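Q:
2 protein chains.
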Amino acid sequence: MRLHSFFRSSASYRVRIALQLKGLSAEYVPVNLRKGQGEQYEAAYRALNPQSLVPTLQDGAHTVTQSLAILEYLEETHPQPALLPKHPAERARVRALALAIACEIHPLNNTRVLRYLKDQLGADPAAQDAWYRHWIGLGFAGIEELLAAGGGTGRFCQGDTPTLADCCLVPQVYNARGRACDLSPFPTIGRIEQACLALPAFQRAAPEQQPDAV
Amino acid sequence: MRLHSFFRSSASYRVRIALQLKGLSAEYVPVNLRKGQGEQYEAAYRALNPQSLVPTLQDGAHTVTQSLAILEYLEETHPQPALLPKHPAERARVRALALAIACEIHPLNNTRVLRYLKDQLGADPAAQDAWYRHWIGLGFAGIEELLAAGGGTGRFCQGDTPTLADCCLVPQVYNARGRACDLSPFPTIGRIEQACLALPAFQRAAPEQQPDAV
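In structure tokens form, the structure reads like this:
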């Protein structure tokens, strides 16, 4: 397998965690989002991923895009260790937590969105930060409430082994820390992040550990 | 089952299509996003869905949030007719198309985002429309390219029966038409939308057909 990834991309980070948790190795192909206009817009990468987004996974003849689709693909093709529970309602809870990050927080705080705010709407750095923190605050508040309410929360987001939800949570918290967000209102998120970061799989997937880290 | 839905919510619309395609009936519980501050923020609804988002599905003792998690839940609990293909790579392609809408377009064009642009960044109606059309244009361009490239596209997004990708595509196109977006650059999307709208399941799931339609 080959993973087209950028070390700082939190969508790439999700997939790196899942690969590590499953003990799978994939050739790391860096896509530098910060070089020139961004290597993701170059023809060679666009041929692989017309959306010009990272990550992309190549597995033999198959090209898989969208990080959550890649996570589900890995779960189906390499079921052990499982990153989804068995019962449909528990699986739905894990997916809902992952989607609460992947749909409600991350898309709003992407580089391309912040760039639009700046270039098209004249948002200054303070207004960009306020935007970023608004969606982190709103998104994490809902997730914190879901996690703190119990309903399956254990050492990790669901039970005592990591799931797809943890694969999404850790990169989003990392990203929020990079913007100096106040995470103290979200103690359950913080506790689960620490439990994850104690595992070698999460450590090895971290941005700083990637070959393209600068 | 009970579906908490708003007729104009495109995330609710996705789930209504899947229920219809699977021949499942669910009690329709309207959540009026436009009444006062929005019924989704009231305590009774927040107890069910701390994110204050529609839809929410209640199935016996289980509460499922996030439309794509609900779609997967319905697929697992009511497998026939299948809305995902069998092969993992094809399933991944369907999910990637669904996520290209659910992560890359819809979150940016939500009511709450447009309201933030207006209230916090002073975006006038023209700037809001430009924002909306920018993300529709960018998102649909990538999806059009994926669909037009073949790779599994048939009468519908994947093959000749509807999948989760079509459940997401039709509501997003409906939404874009409501904002008078030019969809002529996306002929494959338009063709698939028409194929979907020819089916009674898609017709019955339409916003205008819901009990809370005004």
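Residue numbers (the numbering used here), protein chains in the order written: chain A, 615 to 828; chain Y, 615 to 828. The beta-carbon is built from N, C-alpha and C at its ideal position, and this holds for glycine as well. Given the structure is predicted, the values throughout are model-derived calculations rather than measurements.
#1: Going along chain A, which residues have a C-beta under 8 Å from E718 of chain Y?
#2: For E686 of chain A, decide whether its Cβ has a neighbour in chain Y, counting only Cβ atoms nearer than 8 Å.
#3: Nearest to A755 of chain Y by alpha carbon, out of Y:G766, Y:C795 and Y:V727?
#4: Could you spell out the range, first to last residue, of the alpha helix (DSSP H) harbouring H567 of chain A?
#5: Are there 16 or more other CB atoms within 10 angstroms of the CB of Q808 of chain A, so buried, or fewer, so exposed?
#6: Got a sec: which bits of the segment 794-806 of chain A sit with their beta carbon under 8 Å from any beta carbon on chain Y, in order along the chain?
#7: Under DSSP, the alpha helix (DSSP H) around T802 of chain Y begins and ends at which residues?
#8: Per DSSP, what are the beta-bridge partners of L671 of chain Y in this structure?
#9: Looking at the structure shown, is V643 of chain A part of a helix, part of a strand, or coil, going by DSSP?
#10: Against chain Y, does E656 of chain A count as a neighbour if the rule is that its beta carbon must be under 8 Å from one of theirs?
#11: Does the segment 720-734 of chain A come within contact of the segment 745-755 of chain A, defined as at least 3 CB pairs closer than 8 Å?
#12: Nearest chain Y C-beta to V629 of chain A closer than 8 Å, yes or no?
#13: When the Cα atoms are used, what is the spatial distance from K732 of chain A to Q742 of chain A?
#14: Under 8 Å: do the segment 642-658 of chain A and the segment 693-711 of chain A share three or more Cβ pairs, one atom per stretch?
#15: Quick one, which of A:V629, A:V784 and A:R747 has its alpha-carbon nearest S639 of chain A's?
#16: Using DSSP with H/G/I as helix, E/B as strand and the rest coil, what is G611 of chain Y?
#17: On the three-state DSSP scale, how would you describe G792 of chain Y?
#18: Beta-carbon within less than 6 Å of R818 of chain A's beta-carbon, same chain only, minus the 5 sequence neighbours each way: which residues are those?
#19: Looking at the secondary structure, which residues open and close the alpha helix (DSSP H) in which F816 of chain Y lies?
#20: For L813 of chain Y, verify whether its CB is less than 7 Å away from any heavy atom of the ligand COA.
#21: N789 of chain A: which of A:L685, A:K649 and A:A820 sits nearest, CA to CA?
#22: Along chain A, in chain order, which residues have C-beta atoms closer than 7 Å to that of A737 of chain Y?
#23: Starting from Y627 of chain Y and walking both ways along the alpha helix (DSSP H), at which residues does that stretch end?
#24: Residues in the segment 755-785 of chain Y with C-beta within 7 Å of chain A's C-beta atoms, listed in sequence order?
#25: Leaving aside the five residues before and after P785 of chain A along the sequence, list all residues of the same chain whose C-beta is less than 6 Å from its C-beta, in chain order.
#26: Do you know whose CA, among Y:T802, Y:E718, Y:L667 and Y:Q823, lies nearest Q680 of chain A's CA?
#27: Considering only C-alpha positions, which residue in the set Y:D738, Y:A632 and Y:H618 is nearest to N663 of chain Y?
#28: Among the candidates A:C781, A:R729, A:Y642 and A:A744, whose CA atom is the shortest distance from the CA of Q734 of chain Y?
#29: Determine contact between the segment 657-676 of chain A and the segment 680-690 of chain Y, defined as no fewer than three beta-carbon pairs at a distance below 8 Å.
#30: Using a Cβ cut-off of 9 Å, pull out every chain Y residue sitting near V727 of chain A, in sequence order please.
#31: How would you write the range of the alpha helix (DSSP H) that Y659 of chain A sits in, first residue to last?
A: Taking the geometry as given:
#1: Q665, L667 and P721
#2: yes
#3: Y:C795
#4: Given that chain A is displayed from residue 615 to residue 828, the structure contains no residue 567 of chain A and the question cannot be resolved.
#5: exposed
#6: none
#7: P801 to L811
#8: Y:L617 and Y:V678
#9: strand
#10: no
#11: yes
#12: no
#13: 7 Å
#14: no
#15: A:V629
#16: In the structure as shown, chain Y begins at 615 and stops at 828. Residue 611 of chain Y is therefore absent and cannot be evaluated.
#17: helix
#18: Q634
#19: P814 to A819
#20: For the structure depicted, the ligand COA is absent and the ligand set is empty, with no information on it obtainable.
#21: A:A820
#22: L735
#23: S624 to L635
#24: G756, E759 and L760
#25: S624, Y627 and R628
#26: Y:E718
#27: Y:H618
#28: A:A744
#29: no
#30: L722 and W749
#31: A657 to L662
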